[in-house]
Amino acid sequence: MTVGGRTDDGRTKQIGTETIMYDTTRRNFLTMCGLGLAAVGLAGCGSQSDSSRSDGTQTGGAASSDTTTQAGYTLVEDGRLTLISNFYFPPFVSMDEKTGDYEGFDVDLYKAICAKLGLEPNILPTVQFDTIVPTIKQGGKADVSLGAITITDEREQEIDFSDPYLDSNQALVVKAASAATDAAALDVSGTQVAVQSGTTGEAWARENIPNATIVPLDDIIQCLTGVQSGLYQASVCDLPVASYEIGIAYTDLRTAMEIPTGEQYGVVVSKDNPKLTEAINQALKDLKEDGTVDGLEQRWFGTTL
């Protein structure tokens with residue numbers, strides 16, 4: 001399926017009954033920011049002042065003592081559920097360049113979970129994707145992470161996941177004019193395949209395209225922009241995100257191959273906080289039953305998945 005949202009001309013596109021605005025400067029901004037600051041992480045592109053935005057975003061990194069709720073789970077800040085994520089993965093998580101607010105399917109789902117738990121949202125500045133699991137494992141900075149994070153056995157050795165809230169496969173993305181139709185066509189020396197560092201897409205590429213050079217990058221926008229420019233011959237990334245970006249900004253790319261991996265997304269929680277995982281699971285169950293999840297899918301993908 002094609003997941004739609006924004007238009008390539010940088011104006012608006014209708015999704016169901018909702019019109020979404022899109023700033024065309026985002027692609028250039030992300031490419032410059034990501035390539036220039038890869039060593040220090042994408043968080044360096046944002047403000048670090050001690051203030052909050054209207055979406056619950058905390059632009060400062062001030063630490064707080066953990067508190068235990070009546071429900072038996074621990075929070076970094078009393079009355080607030082603190083989220084950490086990499087916000088360069090639309091339509092799941094992204095940042096509105098005009099307002100500075102974070103948005104996306106997972107951001108809305110997180111806020112709905114907060115409402116079910118009676119907690120205020122508290123969103124920390126964006127971080128590199130491969131730092132998320134270690135941060136949640138260490139504790140003391142964030143309570144949860146959402147952002148199209150695939151449930152894997154390897155990650156479950158370090159942290160806990162909630163029950164799955166969305167199914168997702170992988171996509172092999174190439175230029176529209178490319179003759180490649182499968183992984184075998186790219187499995188040759190000299191081929192460069194871009195992936196987001198630390199993702200299941202990277203793991204799949206290393207296992208299934210062993211003769212190609214796998215290039216880990218900070219975010220999917222860098223991957224797709226690199227394929228578009230000819231720097232890389234292909235990219236392996238999450239299918240919903242690839243479909244979304246190809247439909248609105250990378251119309252000269254195509255999905256050469258859908259990779260059925262049986263992946264599912266979950267909320268990341270510390271192993272030391274099992275009561276919070278239980279509470280989130282109940283919230284997700286309620287949000288599915290009352291139609292909230294279907295409504296968010298319709299808003300962000302134009303259909304239910």
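So the sequence shown is residues 1 to 305, counted in full-length UniProt numbering.
Using N, Cα and C, we set each Cβ at its ideal position, and we do this for glycine too.
| query | result |
| --- | --- |
| So does the region 249–259 actually touch the region 168–176, counting three or more Cβ pairs closer than 8 Å? | yes |
| On the three-state DSSP scale, how would you describe N208? | helix |
| Does DSSP put T255 in a helix, a strand or coil? | strand |
| Using the Cα positions of D108 and R155, report the straight-line distance between them to the nearest angstrom. | 24 Å |
| Between which two residues does the alpha helix (DSSP H) carrying D153 extend? | 153–156 |
| Measuring CB to CB, does F129 end up less than 9 Å from V241? | no |
| Distance, Cα to Cα, L224 vs I149? | 19 Å |
| For N273, is the classification buried or exposed, using 16 other Cβ atoms within 10 angstroms of its Cβ as the cut-off for buried? | buried |
| I need the straight-line Cα distance from D66 to K141, nearest angstrom please. | 9 Å |
| From this set, Y165, Q138, G139, D143, which residue's C-alpha is nearest I151's C-alpha? | Y165 |
| Need the endpoints of the beta strand (DSSP E) that N169 sits in, please. | 166–175 |
| Let's see if you can read the secondary structure: which residues bound the alpha helix (DSSP H) around S243? | 239–248 |
| When the Cα of G118 is compared with those of V188, A283, K288, which residue comes out closest? | A283 |
| For the putative contact between L287 and A112, defined by C-beta atoms under 8 Å, what is the C-beta separation to the nearest angstrom? | 5 Å |
| Along the chain, where does the alpha helix (DSSP H) that runs through Q222 open and close? | 220–229 |
| Could you say if the region 173–180 and the region 205–220 meet the contact criterion of at least three C-beta pairs nearer than 8 Å? | no |
| Taking the straight line between their C-alpha atoms, what separation do you get for A249 and G226? | 13 Å |
| Is the beta carbon of L124 less than 9 Å from the beta carbon of I159? | no |
| Let me confirm a value: A184 is counted as buried when at least 16 other C-beta atoms fall within 10 Å, else exposed. Which label applies? | exposed |
| Could you give the C-beta distance for G262 and V236, rounded to a whole number, given that I count them as a contact under 8 Å? | Actually they do not touch by this definition, with Cβ atoms about 16 Å apart. |
| Among the residues of its own chain, which have a CB less than 8 Å from the CB of T191, if the five just before and after it don't count? | I209, N211, A212, T213, Q233, A234 |
| Pick helix, strand or coil for T303, following the three-state DSSP scheme. | coil |
| Suppose contacts are defined by Cβ-Cβ distances below 9 Å. Is A194 in contact with L217 by that definition? | yes |
| My output table needs one value for F89: the three-state DSSP class, helix, strand or coil. | strand |
| Determine the closest residue to Y73 out of K271, E289, G295, with distance taken between C-alpha atoms. | K271 |
| If you compare alpha carbons, which of V144, L305, E278 is closest to R80? | V144 |
| Smallest Cα separation from G247: which of F301, K275, V267? | F301 |
| Please report the residue range of the beta strand (DSSP E) in which I214 lies. | 213–217 |
| Less than 9 Å separating the beta-carbons of D106 and Y265? | yes |
| Measuring straight from C-alpha to C-alpha, what distance separates N86 and L305? | 23 Å |
| Quick one: Cα of T31 to Cα of C114, how far? | Low confidence applies here, because T31 scores a pLDDT of 38, under 50, leaving its location unreliable; read the following figure in that light. Roughly 32 Å separates the two Cα atoms. |
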